Amino acid sequence: SVPLTCLLWHLICCLIAIAEDLVWARVLLPDAFREPLRAAQFSFSVIGAVIYVVGAAPLFVYAYKYGLSYSQRQRRFLFGMALVFFTWSFPIFIIQLSMVLSKVKWRNPVDDIVFALSLISSAIGGCIAWFGYMHLVSYYIHQFQVVEQHIEQHDRLAPHPMRPVRSAPR
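According to the UniProt record's numbering, the sequence shown is numbered sequentially starting from 1.
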């Protein structure tokens, strides 16, 4: 199931990111946190993990097991994906990308793994969050618009007889 897969995927991603920051930056390279990008990465790793544990993981479990209807499950899943996307995937991806492009001297091999995981998470999470946003906006546009009528070609409600439009001969 998709919510269960996302539950496990984001758990693994958050744990690897925090373990990478703690092991490589605290134990092996203690001066690495003097760089602002490394400190920002650690901050967003912790923030993302807390938001995942408190908000997104319960929403994924709810979508996986306890949703009464498809729309409830879908809404909870989309909200959980948006939480993870905006608090972990996208910020970590931007920080890692700027670290790659600026050639930070405190790079390690696990940084590349975190970069790949955040790239995959932000691409998939961004698409899901964007499609969920489009679905939500289109729903509210539909709800607050005037009731539309479908007018057939020869319907009596048509203001003018509707004929197919043909292009002018050349």
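Using N, Cα and C, we set each Cβ at its ideal position, and we do this for glycine too.
This one's a predicted model, so the numbers in the text were calculated from it and none came from an experiment.
In the DSSP assignment, find the alpha helix (DSSP H) that holds residue i and state where it starts and stops.
{"i": "Asp112", "result": "Pro109 to Phe144"}
{"i": "Val2", "result": "Val2 to Glu20"}
{"i": "Ser45", "result": "Pro36 to Ile51"}
{"i": "Tyr70", "result": "Tyr70 to Val84"}
{"i": "Val100", "result": "Phe90 to Ser102"}
{"i": "Val61", "result": "Ala57 to Val61"}
Our contact map puts residue i next to residue j with C-beta atoms below 8 Å; I'd like the distance itself, whole angstroms only.
{"i": "Leu59", "j": "Gly80", "result": "3 Å"}
{"i": "Ile124", "j": "Gln41", "result": "Not quite, the Cβ-Cβ distance comes to about 20 Å (not below 8 Å), so this is no contact."}
{"i": "Ala17", "j": "Ser45", "result": "4 Å"}
{"i": "Val61", "j": "Leu7", "result": "7 Å"}
{"i": "His10", "j": "Tyr52", "result": "6 Å"}
Does the distance from the C-beta atom of residue i to that of residue j stay below 8 Å?
{"i": "Glu20", "j": "Val110", "result": "yes"}
{"i": "Val84", "j": "Ala39", "result": "no"}
{"i": "Gly132", "j": "Leu78", "result": "yes"}
{"i": "Ile47", "j": "Thr87", "result": "yes"}
{"i": "Ala63", "j": "Cys14", "result": "no"}
{"i": "Leu37", "j": "Ile95", "result": "yes"}
{"i": "Ala129", "j": "Ala82", "result": "yes"}
{"i": "Ser71", "j": "Ser122", "result": "no"}
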